[in-house]
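If you read the sequence shown in our numbering, its first letter stands for residue 23, the second for the next number, and so on.
Every residue, glycine too, gets a C-beta built ideally from N, C-alpha and C.
A quick note: this is a predicted structure, and the numbers were derived from the prediction, not measured.
The structure appears below as structure tokens.
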Amino acid sequence: MRQGEVLGGWLLAICLGVTTVSGQVPKAASGDWPWWRGPNFNGVAESGQRVPVEWSETKNVAWKTAVPGRGHSTPIVVGGRVFLQTADETLLTQSVLCFDRKTGKLLWNRELNRGNLTKKVNPKNTHATSTIASDRGRLFVLFCNNDAVQLTVLDLDGKTIWKKTASPFLEKKYSNGYAASPVLWGDTVIIACDCETGSTVMALDRDNGKTIWSTQRPAMSNYASPIVGRVAGRDQVLIGGLKMVAGYDPANGKLLWKSPALSMQTSGTPVWAGEMVFAAGGFPEGSTAGVRADGSGEVVWKNTHRIHEQSMLVHDGHVYALNDRGFALCWQAGTGKEVWRHRLRAPISASPTLVDGKIYAINELGTAWVYQASPKGFQLVAKNQLGTIVFASPTICGGEIFLRVADMVEGKRQESLYCLRRTTGR
Numbered sequence: 023m024r025q026g027e028v029l030g031g032w033l034l035a036i037c038l039g040v041t042t043v044s045g046q047v048p049k050a051a052s053g054d055w056p057w058w059r060g061p062n063f064n065g066v067a068e069s070g071q072r073v074p075v076e077w078s079e080t081k082n083v084a085w086k087t088a089v090p091g092r093g094h095s096t097p098i099v100v101g102g103r104v105f106l107q108t109a110d111e112t113l114l115t116q117s118v119l120c121f122d123r124k125t126g127k128l129l130w131n132r133e134l135n136r137g138n139l140t141k142k143v144n145p146k147n148t149h150a151t152s153t154i155a156s157d158r159g160r161l162f163v164l165f166c167n168n169d170a171v172q173l174t175v176l177d178l179d180g181k182t183i184w185k186k187t188a189s190p191f192l193e194k195k196y197s198n199g200y201a202a203s204p205v206l207w208g209d210t211v212i213i214a215c216d217c218e219t220g221s222t223v224m225a226l227d228r229d230n231g232k233t234i235w236s237t238q239r240p241a242m243s244n245y246a247s248p249i250v251g252r253v254a255g256r257d258q259v260l261i262g263g264l265k266m267v268a269g270y271d272p273a274n275g276k277l278l279w280k281s282p283a284l285s286m287q288t289s290g291t292p293v294w295a296g297e298m299v300f301a302a303g304g305f306p307e308g309s310t311a312g313v314r315a316d317g318s319g320e321v322v323w324k325n326t327h328r329i330h331e332q333s334m335l336v337h338d339g340h341v342y343a344l345n346d347r348g349f350a351l352c353w354q355a356g357t358g359k360e361v362w363r364h365r366l367r368a369p370i371s372a373s374p375t376l377v378d379g380k381i382y383a384i385n386e387l388g389t390a391w392v393y394q395a396s397p398k399g400f401q402l403v404a405k406n407q408l409g410t411i412v413f414a415s416p417t418i419c420g421g422e423i424f425l426r427v428a429d430m431v432e433g434k435r436q437e438s439l440y441c442l443r444r445t446t447g448r
């Protein structure tokens, strides 16, 4: 047996523990998607769902509702409610929206900021790109306003519990705007703020916003969200970008390891299996890597694929990705050896979601591909079209898919939130 096959088999075996978590990691209720990248923080949905693979504006649509404003915030689902962030660039407002899960009815619209939006952001970014995190009946919301990252904590009815300005966010050379989402661990909420004028990752007390720890990072532009993974036998805060991928102790912010494996900028979050972390970056050069997270930071493999905004998936000993050129890719997780590639269509900004061995991927034009997460080659299950402008990632929970899409209607951009459910066909 070849060395690559040995490593691939080793990683396949340890992948069985990929969803193992400690008591400090919040547990999502069955049927919910309460934070960025879903119940296990890795883009993998709960198994055993009867999720549609085909849809259109009329097929398998449970409901459709208008979304005011503009944002790339991925929908989160908690019990009978769906939550989004949005911004109105005319009124200069930033708000949280709450919809009824069964009907799509808007239950409440809570304005958090008016005025003082970031003066310049990338046309592909918005003033409401962060995804909400929810646990213990609270919503943790990040907006960049008045040149600072602000964290607001709401209850599920939109009442403010507390609000805090966490860190300045000022860009000079690269005016792309803020994009990171919060992650929860123990009694803390962890956020990242990376920019040219100073970068930090910090943990705040969930109940009152008190700073528990704050760790400085290199002062460069980056747009990545932190994520907590159970890697190499311990919880680690994982984050890519700033010319590295790194792991921090979520209890105290201590740097556990770092590896010079990535480019300066990325918007994606790492994925992991066993002792390995997989991360990608996209500016100024492409960089994708598998790194050992046992404290050594050893770069096990690396390639030059440019994956700027999309996060990846790891499944059964293989890493699945969508690069900026519109290719779907599959690599051996243990060696980085390319197993297959297949051209879809660029541009792609949304991260893929995996459920029951199928990958759901959608591009910026609203074209969605459902294909098998298999090393046997690209196996298309279905191809669908919904909307013409899509940046938010698919949310899949409780047998439903929630998609935030937009269309140009009479020359104006109109966002919609769809709930897709098997009503006819497959």
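Checklist entry - If you count every other CB in all the chains shown that lies within 10 Å of the CB of D346, and 16 or more means buried, which is it? => result If you number the sequence shown from 1, residue 346 lands on position 324. D346 is buried by the Cβ-count criterion.
Checklist entry - If L161 and F105 are in contact, beta carbons under 8 Å, what's the gap, nearest whole angstrom? => result Counted from its first residue, the sequence shown places residue 161 at position 139. Counted from its first residue, the sequence shown places residue 105 at position 83. Contact flag correct, Cβ pair sits at about 6 Å.
Item to check | DSSP beta-bridge partners of T222 | outcome: On the sequence shown, residue 222 is found 200 positions in, with the first residue counted as 1. T222 pairs with C215, Q238.
Checklist entry - Does the distance from the C-beta atom of G126 to that of A155 stay below 9 Å? => result Counting from 1 along the sequence shown, the entry for residue 126 is found at position 104. Counting from 1 along the sequence shown, the entry for residue 155 is found at position 133. Not closer than 9 Å, so no.
Checklist entry - Can you name, in chain order, every residue of its own chain whose Cβ lies under 6 Å from the Cβ of R443, other than the five neighbours on each side? => result The count along the sequence shown starts at 1 and reaches residue 443 at position 421. A84, E422.
Next on the checklist: Only counting the same chain, and skipping five residues up and downstream in sequence, which positions put a Cβ closer than 6 Å to that of A383?
Outcome noted: Your numbering for residue 383 matches position 361 in the sequence shown. Result list for A383: L344, P374, W391, in chain order.
Next on the checklist: Assuming N167 and N135 are in contact, meaning their beta carbons sit under 8 Å apart, how far apart are those beta carbons, in whole angstroms?
Outcome noted: Translated into positions along the sequence shown, residue 167 becomes position 145. Translated into positions along the sequence shown, residue 135 becomes position 113. Confirmed, Cβ separation roughly 4 Å.
Checklist entry - With a Cβ-Cβ cutoff of 9 Å, do K185 and V175 count as a contact? => result Position 163 of the sequence shown holds residue 185. Position 153 of the sequence shown holds residue 175. Yes, the Cβ-Cβ distance between K185 and V175 is below 9 Å.
Next on the checklist: Taking the alpha-carbon of V431 as reference, which of G409, K276, K398 has the nearest alpha-carbon?
Outcome noted: On the sequence shown, residue 431 is found 409 positions in, with the first residue counted as 1. Ranking the options by Cα distance to V431, first place goes to G409.
Item to check | Whole-Å CB distance - F424 paired with C441, under 8 Å assumed | outcome: Within the sequence shown, residue 424 is the residue found at index 402, counting from 1. Within the sequence shown, residue 441 is the residue found at index 419, counting from 1. With 8 Å as the limit, F424 and C441 qualify as a contact, their Cβ atoms being about 6 Å apart.
Next on the checklist: Using the three-state DSSP reduction, which class does H94 fall into: helix, strand or coil?
Outcome noted: As a position in the sequence shown, residue 94 is number 72, starting the count at 1. H94 falls in the coil class under three-state DSSP.
Checklist entry - Excluding sequence positions up to five away, which residues of its chain have a Cβ less than 6 Å from the Cβ of S44? => result As a first step, residue 44 must be located in the sequence shown, where it is residue number 22. Once the five neighbours on either side are set aside, the close Cβ partners of S44 are D257.
Item to check | Beta-bridge partners of Q436, as assigned by DSSP | outcome: Position 414 of the sequence shown, counted from the start, is the residue given in the question as residue 436. DSSP output for Q436 lists D429 as bridge partner(s).
Checklist entry - Do you know how far the Cα of Y196 is from the Cα of S54? => result In the sequence shown, residue 54 corresponds to position 32, counting from 1. In the sequence shown, residue 196 corresponds to position 174, counting from 1. Reading the sequence as shown, one finds Asp at residue 54 and not Ser. Rounded to whole angstroms, D54 to Y196 spans 36 Å at the Cα level.
Next on the checklist: Just to confirm my understanding: we take K405, look at its own chain, exclude 5 residues before and 5 after, and list those with CB closer than 8 Å. What are they?
Outcome noted: As a first step, residue 405 is located in the sequence shown; it is residue number 383 there, counting from the start. Same-chain partners within the cutoff: T389, A390, W391, V392.
Item to check | Per-residue burial, N274 [other beta carbons within 10 Å of its own, 16 or more giving buried] | outcome: Taking the first residue of the sequence shown as 1, we reach residue 274 at position 252. So N274 counts as exposed.
Checklist entry - Under a three-way DSSP split, which group does W184 fall into? => result Taking the first residue of the sequence shown as position 1, residue 184 is located at position 162. Reduced to three states, the DSSP call for W184 is strand.
Checklist entry - Across which residues does DSSP place Y270 in a beta bridge pair? => result Taking the first residue of the sequence shown as position 1, residue 270 is located at position 248. For Y270, which the question treats as bridged, DSSP gives the partners V259, L277.
Next on the checklist: Going by DSSP, what residue range makes up the beta strand (DSSP E) through A404?
Outcome noted: Reading the sequence shown from its first residue, position 382 is the one you call residue 404. Its beta strand (DSSP E) spans residues 402–407.
Checklist entry - Is the region 323–333 close to the region 251–271, with three or more CB pairs under 8 Å? => result no
Item to check | Nearest neighbour of T151, chosen from S415, R435, S438, Q436 [CA to CA] | outcome: Along the sequence shown, one-based indexing puts residue 151 at 129. Checking every option, the nearest Cα to that of T151 belongs to S415.
Checklist entry - Based on the DSSP output, what are the partners of Y382 in its beta bridges? => result By one-based count along the sequence shown, residue 382 stands at place 360. Its beta-bridge partners are T375, V392.
Next on the checklist: Helix, strand or coil, according to DSSP, for V28 in the structure here?
Outcome noted: Here residue 28 refers to the residue found at position 6 of the sequence shown. Unreliable positioning characterises V28 in this predicted model, as indicated by a pLDDT of 38, which lies under 50. The coordinate reading is nonetheless provided below. Correct three-state label for V28: helix.
Item to check | S78, buried or exposed, once every other Cβ within 10 Å from all chains shown has been counted against 16 | outcome: The residue given as residue 78 occupies position 56 in the sequence shown. With fewer than 16 other Cβ atoms within 10 Å, it is exposed.
Item to check | Cβ-based neighbour list, W323, same chain, cut-off 7 Å, excluding 5 preceding and 5 following | outcome: Counting from 1 along the sequence shown, the entry for residue 323 is found at position 301. Taken in chain order, the residues that qualify are A311, G312, T357, G358.
Checklist entry - Along the chain, where does the beta strand (DSSP E) that runs through T288 open and close? => result Along the sequence shown, read from residue 1 onward, the residue named residue 288 stands at position 266. Where T288 is concerned, there is no enclosing beta strand (DSSP E), given that its DSSP letter is neither H nor E.
Checklist entry - Quick one: what does DSSP say D229 is sitting in, helix, strand or coil? => result Locating residue 229 in the sequence shown gives position 207, counting from the first residue. Three-state DSSP puts D229 in coil, outside helix and strand.
Checklist entry - Is P190 helix, strand or coil when you go by DSSP? => result Looking up residue 190 in the sequence shown gives position 168. Three-state DSSP puts P190 in a strand.
Checklist entry - In three-state DSSP terms, what is I36? => result Here the question's residue 36 lines up with position 14 in the sequence shown. Bear in mind that the predicted position of I36 carries a pLDDT of just 40, short of 50, making it too unreliable to give a figure here.
Next on the checklist: Could you tell me the alpha carbon to alpha carbon distance between F121 and N244, rounded to whole angstroms?
Outcome noted: Here residue 121 refers to the residue found at position 99 when the sequence shown is read from its first residue. Here residue 244 refers to the residue found at position 222 when the sequence shown is read from its first residue. Computed Cα separation, rounded: 32 Å.
Checklist entry - Start and end of the beta strand (DSSP E) containing V253? => result Sequence index remark: in the sequence shown, residue 253 carries index 231 (1-based). Here the beta strand (DSSP E) through V253 covers 249–253.
Item to check | Residue range of the unbroken beta strand (DSSP E) whose run includes G60 | outcome: Sequence index remark: in the sequence shown, residue 60 carries index 38 (1-based). Run containing G60: none; DSSP gives neither H nor E here.
Next on the checklist: Assuming the contact rule is C-beta atoms closer than 8 Å, G348 and A368 should be a hit. Round their C-beta distance to whole Å, please.
Outcome noted: The residue you call residue 348 lines up with position 326 of the sequence shown. The residue you call residue 368 lines up with position 346 of the sequence shown. So it is a contact: roughly 3 Å between Cβ atoms.
Next on the checklist: Which residues does DSSP list as the beta-bridge partners of V309?
Outcome noted: To locate residue 309, count along the sequence shown from 1; it is residue 287. Note that residue 309 is Ser in the sequence shown here, rather than Val. BP columns for S309 point to G303.
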